[in-house]
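Here is the structure we will look at, set down as structure tokens.
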Amino acid sequence: MKYVSTRGEAEILDFEGVTLAGLARDGGLYVPESIPSLDAETIRAMAGKPYADVAFTVIKPFVGDTIPDADLRAMLKDTYGGAVFRHDAVAPLVQLGANEWVLELFHGPTLAFKDFALQLLGRFFDYFTAKRGQKLTILGATSGDTGSAAIEACRGRENVTIYMLHPKGRVSEVQRRQMTTVLEPNVVNIAVDGTFDDCQALVKASFNDLKFRDEVGLTAVNSINWARVMAQIVYYFTSASAFGAPDRSVSYSVPTGNFGDIYAGFIAREMGMPIDKLVIATNSNDILARTLQTGSYSKGDVHATLSPSMDIQVSSNFERMMFDLSGRNGSAIKTYMADFADTGKITLSDAEISKARAVFEAKQVDDKTTSEVMAHLQQATGYVTDPHTAVGIEASKLLNADAAPRVTLSTAHPVKFGEAVQSATGISPELPSHMADLYDREEGYAELANDITALQTLILKGVGQ
Ligand SMILES: *Cc1c(COP(=O)(O)O)cnc(C)c1O
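For what it's worth, the numbering used here labels the leading residue of the sequence shown as 1, then goes sequentially.
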């Protein structure tokens with residue numbers, strides 16, 4: 001499998017190359033040259049199989065021959081077949097109502113769905129750096145969950161140093177502590193005086209500074225890294241096959257920020273999964289919902305909400321989606337992204353927007369409704385859910401439950417957003433036993449102005465240049 005950049009000008013790479021590169025050198029994002037499809041028999045055979053086995057079938061065509069089958073199987077078993085995820089089903093389905101379900105994606109080490117991709121990515125980094133005898137500097141920005149999941153995936157890994165930016169004072173205490181209490185020398189937490197979009201812009205600017213990028217061997221763990229999207233395709237397959245795919249269709253509602261998780265659902269659909277609709281569930285940071293409604297992708301202000309992991313106005317992975325909507329036209333995307341950099345706005349063509357509407361629906365859910373959903377669900381069923389999932393559950397109501405099972409992706413454990421859960425439901429979720437002492441652990445992090453030079457100086461010093 002070969003990978004091309006959404007902007008059409010970067011070097012074509014294999015899976016190993018894109019995993020280590022993260023962002024493409026022309027500023028674009030890597031995507032597979034073509035999307036592999038799985039036939040009905042292969043999909044039918046997934047029902048009831050262990051998660052790691054389904055993962056092999058889904059992931060193998062993307063990995064190509066960069067990892068021998070036996071090694072890939074071993075890595076998948078190590079990630080999804082043992083003690084990393086604390087639930088035997090790895091991604092269990094829970095029924096909430098007639099034909100209404102949540103897919104719990106929070107049984108990993110940091111209690112959010114990002115563990116699914118990052119635990120695997122950490123193992124890929126180890127594998128490829130050992131093979132090449134190379135060191136990596138990982139730079140990421142987090143609105144909360146990416147940071148802890150990436151740190152957990154990289155801590156203690158020999159050839160990897162991770163720098164993680166978070167917007168100071170804008171992540172929950174559990175999220176911050178999950179990052180800042182990891183004190184391994186290969187982990188550097190940085191609190192930036194700014195928003196998540198500022199952090200993401202610092203990361204992008206560092207990647208676009210090719211001299212700096214080469215000097216420190218920079219790699220991305222944000223969902224701009226293709227391997228993350230790829231790993232997230234798997235749970236659409238395990239869940240849809242539990243509902244009888246390929247012979248029965250399923251719809252998903254996905255709490256959305258950077259468009260990575262839902263884009264993985266789109267790829268699953270392209271691969272042959274009978275996914276009826278994908279609902280883009282957003283909080284009041286609703287750039288994606290507005291895009292689908294109006295055809296115009298235009299940046300607004302970032303608002304702090306009860307679901308902070310979705311407090312994002314610029315969704316990196318949407319560039320991958322636009323690439324598909326444009327008929328995989330790299331030069332069109334290059335023009336779009338240049339327009340966006342100049343004006344903060346992209347106007348999609350009628351053909352592009354109607355293609356998107358054939359697959360996606362979208363709904364924005366405000367904080368008041370989010371709290372009401374958490375409270376009502378707890379009263380009606382006893383189920384306690386986190387605010388991101390609540391946004392998804394509310395948005396799933398757009399779907400016709402008679403047409404297909406409605407599945408909302410539950411992206412975080414309620415304890416990660418304990419205050420919001422407590423004030424909506426009166427119930428204070430408890431930390432699982434492996435994290436019970438989180439509030440007693442020592443924290444360590446650097447503070448930094450929203451300034452690219454200060455960031456690069458810090459990293460250069462860290463890698464000894
Ligand atoms: C990251 C995150 C999201 C958003 O996922 P994207 O792939 O960025 O769209 C939603 N919910 C939670 C809890 C998250 O951590």
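Built from N, CA and C at the ideal position, the CB exists for glycine as well.
Can you tell me which residues form a DSSP beta bridge with residue i?
i: glutamate 104; result: Ser410
i: leucine 23; result: Leu29
i: asparagine 189; result: Met164
i: leucine 121; result: Its beta-bridge partners do not exist; DSSP assigns none.
Please name the residue, chosen from the options, that lies closest to residue i on a Cα-to-Cα basis.
i: glutamate 433; options: Asp286, Leu111, Gly17; result: The residue you asked about is not glutamate; residue 433 is serine in the sequence shown. Minimum Cα distance to serine 433 is reached at Leu111.
i: glycine 217; options: Ser326, Ser284, Leu20, Ala281; result: Leu20
i: leucine 118; options: Leu93, Phe128, Gly147; result: Gly147
i: isoleucine 459; options: Ile275, Ala395, Ile190; result: Ile190
i: leucine 306; options: Ser423, Gly462, Asn450, Asp69; result: Ser423
i: glutamate 152; options: Tyr252, Tyr297, Arg177; result: Arg177
i: glycine 462; options: Val187, Phe340, Leu38, Gln364; result: Val187
i: glycine 418; options: Leu103, Arg406, Ser371, Lys397; result: Ser371
i: glutamate 442; options: Leu431, Trp101, Val182, Pro68; result: Val182
i: alanine 401; options: Asn99, Phe318, Ala205; result: Asn99
i: leucine 13; options: Gly97, Lys2, Lys397, Ile35; result: Lys2
i: leucine 399; options: Gly426, Ala380, Ile275, Ala375; result: Ile275
i: leucine 96; options: Leu210, Lys416, Asp301, Glu394; result: Glu394
i: glycine 300; options: Ile346, Ala420, Asn208; result: Ile346
i: glutamate 33; options: Thr369, Ala362, Gly330, Tyr445; result: Gly330
i: isoleucine 138; options: Val102, Thr219, Ser396; result: Thr219
i: serine 428; options: Leu455, Thr385, Trp226, Phe106; result: Thr385
i: valine 359; options: Gln313, Ile267, Met374; result: Ile267
i: alanine 24; options: Lys204, Tyr252, Gly265, Glu215; result: Lys204
i: glycine 156; options: Asp126, Ile262, Val407; result: Asp126
i: leucine 448; options: Cys199, Gln379, Asp350; result: Cys199
i: proline 167; options: Met179, Gly426, Ser249; result: Met179
i: glycine 140; options: Thr291, Ile224, Asp286, Ala231; result: Ile224
i: isoleucine 67; options: Lys416, Asp247, Lys131; result: Lys131
i: glutamate 50; options: Leu29, Leu38, Val90, Val84; result: For the record, residue 50 in the displayed sequence is proline; it is not glutamate. Comparing Cα positions, the closest option is Val90.
Check residue i in the structure and name its three-state DSSP category.
i: lysine 211; result: helix
i: isoleucine 262; result: helix
i: lysine 416; result: helix
i: isoleucine 452; result: helix
i: glutamate 447; result: strand
i: serine 298; result: strand
i: leucine 438; result: helix
i: leucine 13; result: strand
i: alanine 268; result: helix
i: glycine 462; result: helix
i: alanine 401; result: coil
i: alanine 205; result: helix
i: threonine 195; result: coil
i: alanine 424; result: helix
i: aspartate 247; result: coil
i: phenylalanine 173; result: Just to set this straight, residue 173 is glutamate in the shown sequence, not phenylalanine. Of the three classes helix, strand and coil, the one that applies to glutamate 173 here is helix, per DSSP.
i: arginine 157; result: coil
i: valine 384; result: coil
i: alanine 304; result: coil
Quick check on the DSSP output: the beta strand (DSSP E) that includes residue i runs from which residue to which?
i: glutamate 361; result: 360-364
i: threonine 137; result: 136-141
i: alanine 153; result: Premise fails: alanine 153 lies in the alpha helix (DSSP H), 145-154, not in any beta strand (DSSP E).
i: leucine 431; result: From DSSP, leucine 431 is part of no beta strand (DSSP E); its letter is neither H nor E.
i: valine 254; result: 250-255
i: valine 391; result: That residue, valine 391, is in no beta strand (DSSP E); its alpha helix (DSSP H) goes 387-396.
i: leucine 218; result: 218-220
i: threonine 347; result: 345-347
i: serine 5; result: 3-5
Taking residue i as part of the alpha helix (DSSP H), name the residues at either end of that continuous run.
i: histidine 550; result: Residue 550 lies beyond the range of the chain shown here (1 to 465); nothing can be said about it.
i: alanine 240; result: 226-242
i: lysine 277; result: From DSSP, lysine 277 is part of no alpha helix (DSSP H) but of the beta strand (DSSP E) over 275-282.
i: valine 182; result: No alpha helix (DSSP H) contains valine 182, which DSSP labels as neither H nor E.
i: alanine 289; result: 287-294
Can you find a heavy atom of ligand 2 that lies under 7 Å from the Cβ of residue i?
i: asparagine 258; result: What this structure holds is ligand 1, not ligand 2.
Alpha helix (DSSP H) runs contained entirely in the stretch 306-338, provided each spans 4 or more residues: The alpha helix (DSSP H) runs lying completely inside the stretch 306-338 and spanning 4 residues or more are 318-325, given in chain order.
Runs of beta strand (DSSP E) wholly within the stretch 33-113 (minimum 3 residues, chain order): Entirely contained in the stretch 33-113, the beta strand (DSSP E) runs reaching 3 residues are, in chain order, 93-97, 100-104.
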